[in-house]
Amino acid sequence: MTQTTMADAIPPQESTVLGMADVTPSAHRLQARIALAIMIVPALGTIEAARLALRHEVGAGQWILFAVMYFVHMGGVTMGLHRLLAHRAFSTSKALEVLLIVCGSMAGQGPVLYWVSTHRAHHAYSDTEGDPHTPQLHGEGWAAKMKGLWYAHMPWMLSRRVASPGHFARDLLRNRTLVRLNESYFIWLALGFVIPAVAGGLLAGSARGAWVGFIVGGLARMFLANQAAWCVGSVCHMFGSRPFRTNDSSANSWWVAILTFGEGLQNNHHAFPSSYRHAVRWWEPDLSGWCIALLAKMKLVWSLKHPSPAVIERVTIRPSRKE
Ligand SMILES: [Zn+2]
Ligand SMILES: [Zn+2]
Numbered sequence: 000m001t002q003t004t005m006a007d008a009i010p011p012q013e014s015t016v017l018g019m020a021d022v023t024p025s026a027h028r029l030q031a032r033i034a035l036a037i038m039i040v041p042a043l044g045t046i047e048a049a050r051l052a053l054r055h056e057v058g059a060g061q062w063i064l065f066a067v068m069y070f071v072h073m074g075g076v077t078m079g080l081h082r083l084l085a086h087r088a089f090s091t092s093k094a095l096e097v098l099l100i101v102c103g104s105m106a107g108q109g110p111v112l113y114w115v116s117t118h119r120a121h122h123a124y125s126d127t128e129g130d131p132h133t134p135q136l137h138g139e140g141w142a143a144k145m146k147g148l149w150y151a152h153m154p155w156m157l158s159r160r161v162a163s164p165g166h167f168a169r170d171l172l173r174n175r176t177l178v179r180l181n182e183s184y185f186i187w188l189a190l191g192f193v194i195p196a197v198a199g200g201l202l203a204g205s206a207r208g209a210w211v212g213f214i215v216g217g218l219a220r221m222f223l224a225n226q227a228a229w230c231v232g233s234v235c236h237m238f239g240s241r242p243f244r245t246n247d248s249s250a251n252s253w254w255v256a257i258l259t260f261g262e263g264l265q266n267n268h269h270a271f272p273s274s275y276r277h278a279v280r281w282w283e284p285d286l287s288g289w290c291i292a293l294l295a296k297m298k299l300v301w302s303l304k305h306p307s308p309a310v311i312e313r314v315t316i317r318p319s320r321k322e
C-alpha cells in the first residue's frame, strides 16, 4: 500500500551529529519494513528447518550446503564489506572485490554503501551519541542495560536516523562498480536464496530437495549468521575482556568470535581498526584473518595492514599500570 502524506514532503533532516541524518518518512517506512522482514522471515524459516531436521528430511549434503552458505555469508560480510571496504585493511583485484561484495550482500544486512556508512559511523562515534548501534546509552541499572543490549542487537535497524554515505563513504561513491552493486542489492540478496535452492534441488533431484535447500541454506543460514553478527554490536559492546585501551565499551568475546569468523574480538578491532586480522595473539579465533593471510600467500590479496608490536604495546592495559 503506498500512501503519500504531508510528512513525505519533508526532506531528510540533518541531526546535530555530523554525518547522521533522518531519512524521509516514506523512505523510513520502506527501510523499516525490509528490516522487519529480514528479522522475522528467516526466524520462521529456522523453525521450519528444525521441523525438517526432526523429521530426518535434512541429509548430510544439505548440512554441508548450510555450512557453505554460512561461510559465504559471514566471509562476504567480514572480509568484503568490513575489512576490505569499511577499513581498507588490504587490497585486492576488482574481480575478488566484486565477489566479496556479492557474497556480503547475500547476508541481508543492507546494501554495501549503507553497510559501510553505518559501520564507519559506529567507529567514529563508538558508544556515544551518533553510534547507530550502541547498547550503552539507555541508562544505568540492570533493566536499562538489558534494554540497551536488545536495542543494539536488532531494533536499531528500525531507526529513522541513518549514517549518510555522502559523509561516511565518499571514497566508495566514486567507485562506479560498487555503486552499481549497491543499486542491484536485491538481486544479490535473492541469489543467497536461489543458490541453496538450486543446489538442494540438484542434490536430491527433486522439488522437495530445492525447498529443503532454500529453508536450510537460505533462511536458517541467514537467521543464525545474522544473529551471531548482531551479537558483535550488542554483546561485544557490553560483555567480555578488554585487553586494550579504547575510548568505548568494546570487548572480546570468544564464542562470538568463533561464530563470526573473528569479529567478536571487538576490543582488539576497536584498538586496531585498520588491521586485516582481529586476532592479536595467534590463538585468538579469527577465521577471516586466517583466510585473508592465506589469500595473500596465493597472491590474491596484498598490502595487508596490521599494527607493529610497538603500537600494540602502547595500548595494552597492564595490571600494574594505573591509567
Ligand atoms: Zn564495535
Ligand atoms: Zn570495524
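Position 268 of the sequence shown, counted from 1, bears residue number 267 in numbering that gives the first Met the number 0, the numbering being contiguous throughout. In this text, a Cβ means the ideal position worked out from N, Cα and C, and glycines have one as well.
For ligand 2, which residues count as neighbours when the test is a C-beta closer than 6 angstroms to any heavy atom? H81, A85, H86, H118, H122, H268, P272
Do the CB positions of A278 and G261 come within less than 8 angstroms of each other? yes
Here's the rule I'm using: 16 or more other beta-carbon atoms within 10 Å means buried, otherwise exposed. How should P154 be labelled? exposed
Per-residue DSSP class, three states only, for F271: coil
Determine the direct distance from the alpha carbon of F70 to that of A292, and round the result to whole angstroms. 16 angstroms
In this structure, how does DSSP classify A162 when only helix, strand and coil are distinguished? strand
Mind checking whether D130 and A143 have CB atoms under 8 angstroms apart? no
Could you pull out every residue in the same chain whose Cβ sits closer than 8 angstroms to the Cβ of L299, ignoring the five residues on either side in sequence? T91, S92, L95
Going along the chain, which residues of its own chain have a beta-carbon closer than 6 angstroms to the beta-carbon of K321, five neighbours each way excluded? With a pLDDT of only 49 at K321, under the threshold of 50, the placement of this residue in the model should not be trusted; the figure read from the coordinates follows. None.
Below 8 angstroms, can you find three or more Cβ-Cβ pairs linking the stretch 152-169 to the stretch 67-82? no
For S248, does the three-state DSSP call read helix, strand or coil? coil
Taking the DSSP output, what are the residues bridged to S90? W301
Taking 7 angstroms as the limit between beta carbons, can you name the residues of its chain near I311, skipping five residues before and five after? V279
Within 8 angstroms, strictly: CB atoms of P195 and G217: yes
If you measure between the beta carbons of L43 and G75, is that distance less than 8 angstroms? no
Whole-angstrom C-beta distance between N267 and F238, which should lie under 8 angstroms: Actually they are not in contact, since the Cβ atoms of F238 and N267 sit about 15 angstroms apart, beyond 8 angstroms.
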